[in-house]
Amino acid sequence: MIEWTGVALGGMLGACMRFFITNRINGRWNKNFPLATFLINMTGAFLLGFVYAEARPNNILDYWLRSGAGIGFIGAFTTFSTWMYESATLKDRKAILTLLIYMLASVVIGLLAAWLGMTIG
Amino acid sequence: MNETNGYSKWYRHFLQYGAVAVGGVLGALLRETIELITPASYGFPVATLLINWSGSFVLAWFYTITIWRFKVPQWVRAGIGTGVIGAYTTFSTFAVETNSLLVKGQIFIAGIYVVLSVIGGFFLALLATRLAGEKEESLQDGESSRERVVDSFGLKDGESIGD
């Protein structure tokens, strides 16, 4: 039950945090490049790498941290579907260079960020 | 400027963040359920792949059809799109799983996982926008998806969504 409570509460906070940050950034950023989702995903990849390296499920606190912060909060904070929807929109608008940069930068920097988090954690 | 579509700004905030909060709970629980019930397949993260593929398809379909055919209130769009589907799919798990495969020396499997996730997700999203009625010609040059959203809900120019 602890795990499900953590996932539910974390998911609630993570989704709201993403909504808040996206609204803040989109109100100021008028370029094609989907900056908000990009920054959210890179930050989340780093944080999840850190949490997974840090929280081996040995005790109750780590169990909470893993399910609540990792699976719930960071999992819901980052989003794969918005990344793909924005990419499809960029393709339709023939912004192919921006599309390629968005795709490649997300994969490369996202993997590096997760690796960095796992290494530091 | 406090009144848009008959609702106060505070009320719109309340509706939208409430919908995203409820949606986030449902999306995260659904993701974890699928992660737990999907059988392990030789170390390949098949559960996350299925989650991200299905979410990419459904989000693109939902966002497109609510622009062109069924105009729903912004809080419904935020609750289902940003809340449920946004929290259901996950980038961070994708990145950490790929790293775990690389650390274990399973470079080929990691490569397959990345290519399947990204290329598959992209074409599923593209297919979904077509099925929902999007045409390439319908998009004006330089028009952002955000502008389309703002336009379709009659928000004033320069007013950010849910803000």
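Chains as they are written, first to last, in numbering that gives the first Met the number 0: chain A, 0 to 120; chain B, 0 to 162.
The beta carbon of each residue, even a glycine, is placed where N, CA and C say it ideally should be.
Given the structure is predicted, the values throughout are model-derived calculations rather than measurements.
Margin query: Which residues of the stretch 20–32 of chain B have a Cβ closer than 7 Å to any Cβ of chain A? Give them in chain order.
Written below: Ala20, Gly22, Gly23, Val24, Gly26, Ala27, Leu28, Arg30, Glu31
Next item on the list: Would you kindly work out how many angstroms separate the C-alpha atoms of Met102 (chain A) and Asn29 (chain A), rounded to a whole number?
Entry: In the first sequence, residue 102 (chain A) corresponds to position 103, counting from 1. In the first sequence, residue 29 (chain A) corresponds to position 30, counting from 1. If I take the Cα positions, the gap works out to 19 Å.
Next item on the list: Drop a sphere of 10 angstroms on the beta-carbon of Gly42 (chain B), count the other beta-carbons inside from all chains shown, and report buried for 16 or more, exposed for fewer.
Entry: Taking the first residue of the second sequence as position 1, residue 42 (chain B) is located at position 43. When all chains shown are included, Gly42 (chain B) counts as exposed.
Notebook entry, point to check: Which residues of chain B have a Cβ atom closer than 7 Å to the Cβ of Thr77 (chain A), listed in chain order?
Noted result: The residue given as residue 77 (chain A) occupies position 78 in the first sequence. Neighbours of Thr77 (chain A) on chain B, chain order: Thr89, Phe90, Ser91.
Check: Residue ranges of each alpha helix (DSSP H) run of no fewer than 4 residues wholly in the stretch 36–85 of chain A, ordered along the chain?
Finding: 59–63
Check: Where does Arg23 (chain A) land, buried or exposed, given buried means 16+ other C-beta within 10 angstroms?
Finding: The sequence position of residue 23 (chain A) within the first sequence is 24, counting from 1. It counts as exposed.
Note to self: For Thr128 (chain B), count the other beta carbons within 10 Å of its own beta carbon; 16 or more makes it buried, fewer makes it exposed. Which is it?
What the structure shows: Locating residue 128 (chain B) in the second sequence gives position 129, where the first residue counts as 1. The residue in question, Thr128 (chain B), is buried, as its Cβ has 16 or more Cβ neighbours within 10 Å.
Notebook entry, point to check: With respect to the alpha helix (DSSP H) encompassing Phe122 (chain B), which residues constitute its N-terminal and C-terminal limits?
Noted result: Walking along the second sequence from the start, residue 122 (chain B) turns up at place 123. Phe122 (chain B) -> alpha helix (DSSP H) spans 106–130.
Checklist line | chain A contact residues for Thr128 (chain B), given Cβ-Cβ distances below 9 Å | finding: Reading the second sequence from its first residue, position 129 is the one you call residue 128 (chain B). Chain A residues near Thr128 (chain B): Tyr84, Ala87, Thr88, Asp91.
Next item on the list: Closer than 7 Å by C-beta to Phe76 (chain A): which residues in its own chain qualify, once you throw out the five before and the five after it? Chain order, please.
Entry: As a position in the first sequence, residue 76 (chain A) is number 77, starting the count at 1. Counting only Cβ-Cβ distances below 7 Å, and skipping sequence neighbours, we find Gly13, Met16, Arg17, Ile39, Gly43.
Note to self: Using a Cβ-Cβ distance cut-off of 8 Å, determine whether Leu49 (chain B) contacts chain A.
What the structure shows: Within the second sequence, the letter at position 50 stands for residue 49 (chain B). Output row for Leu49 (chain B): interface = no.
Notebook entry, point to check: Hey, is Val6 (chain A)'s beta-carbon within less than 8 Å of any beta-carbon in chain B?
Noted result: The residue you call residue 6 (chain A) lines up with position 7 of the first sequence. Yes, Val6 (chain A) counts as interfacial toward chain B.
Checklist line | Ile1 (chain A) burial status per 10 Å Cβ neighbour count (16 or more: buried) | finding: Here the question's residue 1 (chain A) lines up with position 2 in the first sequence. Exposed: under 16 other Cβ atoms inside 10 Å.
Check: Between which two residues does the alpha helix (DSSP H) containing Glu31 (chain B) stretch?
Finding: For the purposes of this step, residue 31 (chain B) is taken as the residue at position 32 of the second sequence. Residues 8–36.
Checklist line | Local Cβ density within 10 Å of Phe93 (chain B), reported as buried at 16 or more and exposed below that | finding: Translated into positions along the second sequence, residue 93 (chain B) becomes position 94. The residue is buried, with at least 16 neighbouring Cβ atoms inside 10 Å.
Item checked: Segment limits, alpha helix (DSSP H) that includes Arg68 (chain B) -> What you label residue 68 (chain B) is simply residue 69 of the second sequence in a count that begins at 1. That residue, Arg68 (chain B), is in no alpha helix (DSSP H); it is neither H nor E in DSSP.
Check: Going along chain B in order, which residues have a C-beta closer than 7 Å to the C-beta of Ile1 (chain A)?
Finding: Within the first sequence, numbered from 1, the residue matching residue 1 (chain A) stands at position 2. Those within 7 Å of Ile1 (chain A) in chain B number zero; the least Cβ separation is about 13 Å.
Note to self: When you compare the CB of Ile73 (chain A) with every CB in chain B, is at least one pair closer than 8 Å?
What the structure shows: Position 74 of the first sequence, counting from 1, holds the residue named residue 73 (chain A). By this cut-off, Ile73 (chain A) is an interface position.
Next item on the list: In angstroms with no decimal places, state the Cα-to-Cα distance between Leu125 (chain B) and Phe56 (chain B).
Entry: Taking the first residue of the second sequence as position 1, residue 125 (chain B) is located at position 126. Taking the first residue of the second sequence as position 1, residue 56 (chain B) is located at position 57. Their Cα atoms are separated by approximately 8 Å.
Next item on the list: Taking Met11 (chain A) and Ala20 (chain B) to be in contact with their CB atoms under 8 Å, please state how far apart those CB atoms are, rounded to whole angstroms.
Entry: Taking the first residue of the first sequence as position 1, residue 11 (chain A) is located at position 12. Taking the first residue of the second sequence as position 1, residue 20 (chain B) is located at position 21. Confirmed, Cβ separation roughly 5 Å.
Note to self: Here's the rule I'm using: 16 or more other beta-carbon atoms within 10 Å means buried, otherwise exposed. How should Arg65 (chain A) be labelled?
What the structure shows: Locating residue 65 (chain A) in the first sequence gives position 66, where the first residue counts as 1. With 16 or more other Cβ atoms within 10 Å, it is buried.
Item checked: Where Phe32 (chain A) sits in the DSSP three-state scheme -> Mapped onto the first sequence, residue 32 (chain A) falls at position 33. Phe32 (chain A) falls in the coil class under three-state DSSP.
Notebook entry, point to check: Between Ala96 (chain B) and Ser7 (chain B), what straight-line distance do the alpha-carbon atoms span, to the nearest angstrom?
Noted result: Residue 96 (chain B) sits at position 97 when you count from the first residue of the second sequence. Residue 7 (chain B) sits at position 8 when you count from the first residue of the second sequence. Here the sequence assigns Glu to residue 96 (chain B), which means Ala is not the residue at that position. Near 44 Å, if we compare the C-alpha coordinates of Ser7 (chain B) and Glu96 (chain B).
Note to self: Need the endpoints of the alpha helix (DSSP H) that Ile1 (chain A) sits in, please.
What the structure shows: Position 2 of the first sequence, counted from the first residue, corresponds to residue 1 (chain A). Here the alpha helix (DSSP H) through Ile1 (chain A) covers 1–25.
Margin query: In the DSSP output, what is Ser40 (chain B) paired with across the bridge?
Written below: Counted from its first residue, the second sequence places residue 40 (chain B) at position 41. In DSSP, Ser40 (chain B) forms a bridge with B:Phe43.
Check: Are the C-beta atoms of Ile70 (chain A) and some chain B residue less than 8 Å apart?
Finding: Along the first sequence, one-based indexing puts residue 70 (chain A) at 71. By this cut-off, Ile70 (chain A) is an interface position.
Item checked: Contacts around Ala86 (chain B), its chain only, beta-carbon distance under 6 Å, and the 5 residues preceding and following it disregarded -> Here residue 86 (chain B) refers to the residue found at position 87 when the second sequence is read from its first residue. These residues qualify, in order along the chain: Gly23, Gly26, Ala27.
Next item on the list: Out of A:Met41, A:Ile73, A:Ser86, state which residue places its alpha-carbon closest to the alpha-carbon of Tyr51 (chain A).
Entry: Counting from 1 along the first sequence, the entry for residue 51 (chain A) is found at position 52. Minimum Cα distance to Tyr51 (chain A) is reached at A:Ile73.
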